[in-house]
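With this note's numbering applied, the sequence shown corresponds to residues 604 to 870, in that order.
Below you'll find the structure, written out as structure tokens, and then a few comments.
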Amino acid sequence: MDPLQDFRIPEEPFYLPRQREVEVFKAAARARLPVLLKGPTGCGKTRFLARMAFELERPLITVACHEDLSGPDLVGRYLFHEGETRWIDGPLTMAVRHGAICYLDEIVEGRQDSLALLHPLLDDRRILVVEKQGRAIKAHPDFLPVISYNPGYQSALKDLKISTAQRFAALEFDYPRPETEAEVVMGEAGADPALAEQLVRAAHRIRRLKEVGLAEGASTRLLVYAAKLINQGLSPLEAAETCLQTPLTDDEDLKEAVSGIIADIFG
Ligand code: ADP
């Protein structure tokens with residue numbers, strides 16, 4: 604039985620490439636290099652990786668990093684169950700042992716000590732030290748560590764350390780080009796071309812508000828959400844306000860600016 608069956612991607616995920624990320628990623632996988640995906644939230648990093656896992660026929664184990672994420676959460680722990688003590692592999696150990704892609708999403712949210720665990724896995728040694736068991740595991744040849752990082756909204760304290768970043772081949776992501784982004788909205792939500800074009804146009808104008816203080820622009824994900832609400836019968840104006848304005852800011856002036864853009868395009 605395949606121990607990672609549940610982590611395999613059964614169907615080909617829909618993914619439209621932006622540039623040469625597919626070729627570069629596959630080259631890195633063949634060379635067994637760790638990969639860093641850099642870019643704003645909702646621009647397609649996770650979807651891209653699902654597609655790569657599918658094409659490379661490797662399981663994909665995802666860990667959403669957070670400030671309490673400890674070493675044992677990644678590596679594993681002994682559990683006491685029905686009178687016995689049993690070792691349970693954590694997600695990183697599972698990936699190392701069986702040859703999966705291990706995706707550490709939003710790596711800078713994790714604790715430094717848990718990130719330090721990664722280091723011997725990232726160079727030629729490719730070993731995971733399992734302290735609690737007093738041993739080291741050699742990574743399966745197909746093990747591939749991938750991390751993501753959004754340079755946009757973190758505080759300086761949470762910047763990705765250069766000493767960590769230096770251990771990865773990095774792919775820069777951004778929102779797709781307008782024609783590609785419109786195709787994504789059509790492909791994901793079945794929007795017609797005119798609506799997709801309007802949503803993308805609105806997103807472009809909203810993204811420019813970053814210059815006046817908007818923390819993050821409307822993501823591709825939010826455009827897909829808006830198109831899905833329109834499919835459910837909401838007017839484009841209402842759907843755009845629900846997805847492209849309210850989630851993005853609490854600042855009254857910025858809200859008004861976004862509303863103006865939405866009204867101009869959908870009003
Ligand atoms: P991230 O991991 O960067 O936060 P996701 O990969 O979850 O973002 O992307 C959010 C959504 O946007 C996806 O679920 C998908 O609907 C859509 N999407 C973004 N970019 C693409 C793309 N290039 N091809 C297909 N879908 C995309």
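The beta carbon of each residue, even a glycine, is placed where N, CA and C say it ideally should be.
If you're wondering where the values come from, they're calculated on a predicted model, not measured in any experiment.
Asked                                                                                                   : Found
beta-carbon residue 627 near ligand 1 non-hydrogen atom, thresh 7 Å                                     : no
DSSP-derived helix/strand/coil call for residue 706                                                     : strand
Rounded separation between residue 678 and residue 764 - CA only                                        : 22 Å
Residue nearest to residue 784 in terms of C-alpha spacing, selected from 749, 821 and 851              : 821
DSSP three-state assignment for residue 665, whether helix, strand or coil                              : strand
Sequence-distant residues of its chain with Cβ nearer than 7 Å to residue 755 (five each side left out) : 643 and 819
Endpoints, beta strand (DSSP E) assigned at residue 684                                                 : 679–684
Ligand 1 site residues, beta-carbon cut 5 Å against heavy atoms                                         : 618, 619, 644, 645, 646, 647, 648, 649, 650, 787, 791, 823, 824 and 827
Supposed contact pair residue 742 and residue 930 - C-beta distance, whole angstroms, cut 8 Å           : The structure shown has nothing for residue 930, since the chain only spans 604 to 870.
Residue 752 (DSSP reduced to helix, strand or coil)                                                     : strand
Inter-residue Cα distance where the pair is residue 858 and residue 845                                 : 12 Å
Simplified DSSP state of residue 783, which is helix, strand or coil                                    : helix
Any non-hydrogen atom of ligand 2 within 7 Å of residue 755 CB                                          : Ligands displayed in this structure: ligand 1; ligand 2 is not among them.
Cβ-Cβ separation, residue 691 to residue 700 (assumed contact under 8 Å), whole Å                       : 12 Å between Cβ atoms; not a contact.
Residue range of the unbroken beta strand (DSSP E) whose run includes residue 861                       : Per DSSP, residue 861 belongs to no beta strand (DSSP E); it is in the alpha helix (DSSP H), 855–869.
Assigned exposure category for residue 774 - 16 Cβ within 10 Å defines buried                           : buried
For residue 779 and residue 639, believed in contact at Cβ under 8 Å, the rounded distance              : Not really, about 19 Å apart at Cβ, beyond 8 Å.
Where residue 804 sits in the DSSP three-state scheme                                                   : helix
Residue 634 (DSSP reduced to helix, strand or coil)                                                     : coil
Local Cβ density within 10 Å of residue 717, reported as buried at 16 or more and exposed below that    : buried
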